[in-house]
Amino acid sequence: MFTATENMNRVDSEFIFHIYKILPVILSLLGATLSFLFYSFGSGLLISYPILKYVTLVLRVAMTLADPYQFLEVIEEAQNLLAQPQRVPQVEAAAGAAQPQRVPEVEGVPQNEQLPEVEAAAGAAQPPRVPQDELLPGFEHVRQA
Amino acid sequence: MVLNRIGDFGLVIGILIIFVEYRAVDYATVFAVTPILTNKVFSFLSFNFDLISIICFFLFIGAVGKSAQLGLHTWLPDAMEGPTPVSALIHAATMVTAGVFLIARTSPLFEYTSSMLSLVTVVGACTAFFAATVGLLQNDLKRVIAYSTCSQLGYMVFACGLSNYSVGVFHLVNHAFFKALLFLGAGSIIHAVADEQDMRKMGGLKKLVPFTYSMMAIGSLALIGFPFLTGFYSKDVILEVAYGKYTLEGHFSYILGTVGAFLTAFYSTRLVYLTFLCRPNGYKSVICKAYDSSYQICISLLLLVIPSVLIGFYAKDMIIGFGSDF
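One line per chain: the protein sequences are Z and F, in this order.
Numbers 1 to 145, taken from the numbering used here, label the letters of the first sequence in order.
Numbers 1001 to 1326, taken from the numbering used here, label the letters of the second sequence in order.
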C-alpha cells in the first residue's frame, strides 16, 4: 500500500482535540443505553398519561387550526375590530373638551328625566364627527366601507 | 446479480483501459509507470478525461459493486437467503471485503487522483450512515447483520478514501472476526427457534440459549466499538483520521461516521434485546424447545470470540503502528 506524502495525516490525527477522539465512543455507549432503555420502557412511555395528554393537546391545537370555521370566526372578529375607527389623540382631546356640561339637578325632577332644553344642549355638545382624513394610516379601507 | 454485473463491468473496463494505456496489467509495471502518466489525457468519443482518474473511477465501480456500497448495495441483504455459514464466510469476511482490498491494493493509482479519493470518501461515508439507518428498522435477524456489514464496509472504504489504507485493512481484519461470530451466532439462534428469523417472534432466549447469548453479546459489543474490544481499536482510528484530515470530505465523513456509530450501537442493542432479553414473543411450542447448539458450533463460536476480543489490541501496532511496513 502506498500513500503519497501530502496525504499522510496519521500524525496530525494524533493531535486533534480529545473531544473529537472520544465523541464516537460516547455516542456509541449512549446509543446502546438509549436503545436498551427505549425497548425496555419505551412502550410504556408511549402510552403513559403525560405523553398522551401532550399528544391530545397537540392534536386539539392542530385540529383547531385546521378547522376552516374557526378561521372564519377569527377573521370575522378581526374585521370587526378593524372596522371600529381609532381616533388620533388630538381628536380625543377635542372630543373631551366638547363634552356636555353637567346640568345641575332640578328639584322634583328625576335625574334620568332631563328637561327638554337640557337634552337639546347635550345634543348640541356631541363630539364632532371625526374627519375621514384624520383616520389612522392603514384604516383607509374602513372609510371606503 | 445484476448489481454485481454492473460492478464487474466497471472493473473490466478499468482493466481494459489499463491494458490499452500501459500495455501491461501486472501491478509492478502499472505502479512504476503511473507517476509518469499523471497528466496524460484519455480521449474517448471526443471527450478528454484524466487517465488516472478514469481508471480509478472504473476500478471504484468494481469495488462499489463487490463491497455493497451505496447504489449497488441491495444484493447483500438479499443474499441473506442463503445458509448462515455461507453468509458468515462470504458475506461478512471474505468476498465483500474484496472491494476494499482492491482499493487498498491499487492505492498507487488512487493516490495520484485527489478527485477520486474524495469520491471514495463521500461514497463510503454515505454508505456507513445509510446502511446504519436501514439496519435500524430491519426485523430479520440476518438482514440486520447484513446491513451492519454494509455499514462497516463503508467505514473501510472511507478510510481508504482518506489515504489511510492500512487503517481500512485493519478494520477489515477486525470486522471479519466479530462479524463471522455474529453470523454464526445468528445461525445458532435460528436453528434453536425452528428456523425463525424474525426478531419480533423471538425474545426470552437469554436463559434458554445462554452460550449463544454470551457470544452474540460479545460480538455486538465488538461491533459497537465498546472500549478495549476489537471494533474499538479500528473504528476509533478511522474516525480520528477522518477528522485529522482537515478537509471538507474528512469532516463530512467524520460526522456521518460518528452518527453511524451511534446508530450501530442502537441497532446492535436492539438486536440483542429483541432476541434475548425481552419477553418471549414466539410460539410457546417453539420457544420452549429452544436449546444451545451442538458442541461443534459452540467450538467455532469460541474460536471466533477470542480474536473478536483480542485481535484489535494485539494487531494494532502491527498493522497501523507508526513505522509499520504493512
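Note that the Cβ used here is the ideal one computed from N, Cα and C, for glycine as well.
Check: Other residues of its chain near G1135(F): CB distance less than 6 Å, five sequence neighbours each side excluded; Outcome: V1144, Y1147, S1148, Y1267
Check: From D1292(F), F1031(F), D1050(F), V1259(F), residue whose alpha carbon lies closest to that of L1208(F); Outcome: D1292(F)
Check: Interface flag, N9(Z) vs chain F, CB-CB below 9 Å; Outcome: yes
Check: Meets three-Cβ-pair contact criterion under 8 Å: the segment 1103–1112 of chain F and the segment 1076–1089 of chain F; Outcome: no
Check: Any non-hydrogen atom of the ligand HEM within 8 Å of K1235(F) CB; Outcome: Absent from the structure shown: the ligand HEM. Ligands present: none.
Check: Local Cβ density within 10 Å of Y1295(F), reported as buried at 16 or more and exposed below that; Outcome: exposed
Check: Backbone secondary structure at D12(Z) - three-state DSSP; Outcome: helix
Check: Cβ pair L1141(F), I1190(F) closer than 9 Å; Outcome: yes
Check: Proximity winner among T1113(F), Y1273(F), D1195(F), relative to T33(Z) (alpha-carbon distances); Outcome: Y1273(F)
Check: Opening and closing residue of the beta strand (DSSP E) in which F1047(F) lies; Outcome: 1047–1050
Check: Span of the beta strand (DSSP E) around F1044(F); Outcome: 1041–1044
Check: Min CB distance P1227(F) to chain Z below 9 Å; Outcome: yes
Check: Between the CA atoms of R1270(F) and S35(Z) - distance to the nearest angstrom; Outcome: 6 Å
Check: V1169(F) at chain Z interface by Cβ criterion, 9 Å; Outcome: yes
Check: Cβ pair V1122(F), G1071(F) closer than 9 Å; Outcome: no
Check: Within chain Z, the residues that D1236(F) reaches when beta carbons sit closer than 8 Å; Outcome: K21, P24, V25
Check: Where A145(Z) falls: helix, strand or coil (DSSP); Outcome: In this predicted model, A145(Z) has a pLDDT of only 46, less than 50, meaning its place in the structure is not dependable; the value taken from the coordinates is given anyway. In this structure, A145(Z) counts as coil in the three-state DSSP scheme.
Check: Limits of the alpha helix (DSSP H) - the one that I1013(F) falls within; Outcome: 1002–1022
Check: Short CB-CB distance (under 9 Å) between A1032(F) and chain Z; Outcome: no
Check: Distance CB(K1245(F))-CB(H1171(F)) smaller than 9 Å; Outcome: no
Check: Contact under 9 Å by Cβ, A1088(F) with F1183(F); Outcome: yes
Check: Residues within the segment 1277–1303 of chain F neighbouring chain Z, beta-carbon criterion of under 9 Å; Outcome: L1277, C1278
Check: CB contact check: F41(Z) to chain F, cutoff 9 Å; Outcome: no
Check: Buried or exposed by the 16-neighbour rule on C-beta atoms within 10 Å, applied to S973(F); Outcome: This structure cannot speak to residue 973(F), because chain F is shown only from 1001 to 1326.
Check: Closer than 7 Å at the beta carbon, the chain Z residues around L1239(F); Outcome: P24
Check: Own chain residues within Cβ distance below 7 Å of I1224(F), not counting five before or after; Outcome: G1231, T1264, A1265, S1268
Check: Assigned exposure category for Q84(Z) - 16 Cβ within 10 Å defines buried; Outcome: exposed
Check: Selected residue, minimal CA-CA separation from A1159(F), among D1198(F), A1217(F), I1238(F), K1201(F); Outcome: I1238(F)
Check: Per-residue contacts from T1258(F) into chain Z (C-beta, under 7 Å); Outcome: L23, P24, L27
Check: Same chain, Cβ closer than 6 Å to F1058(F), neighbours up to 5 away in sequence not counted; Outcome: G1010, I1013, G1014
Check: Neighbouring residues, chain Z, relative to S1107(F) (Cβ below 8 Å); Outcome: M1, F2, T3
Check: Where the alpha helix (DSSP H) through N1174(F) begins and ends; Outcome: 1165–1192
Check: For Q79(Z) and A145(Z), the rounded distance between their alpha carbons; Outcome: Because A145(Z) carries a pLDDT of 46, less than 50, the predicted location of this residue cannot be relied on, and the following value inherits that uncertainty. Rounded to the nearest angstrom, the two C-alpha atoms are 11 Å apart.
Check: Three-state class that DSSP yields for D1140(F) in the structure shown; Outcome: strand
Check: Residue-chain proximity (L1254(F), chain Z), Cβ-Cβ < 9 Å; Outcome: Contrary to the premise, residue 1254(F) reads as Tyr rather than Leu in this sequence. Yes, its Cβ sits closer than 9 Å to a Cβ of chain Z.
Check: Residue-chain proximity (G1185(F), chain Z), Cβ-Cβ < 9 Å; Outcome: no
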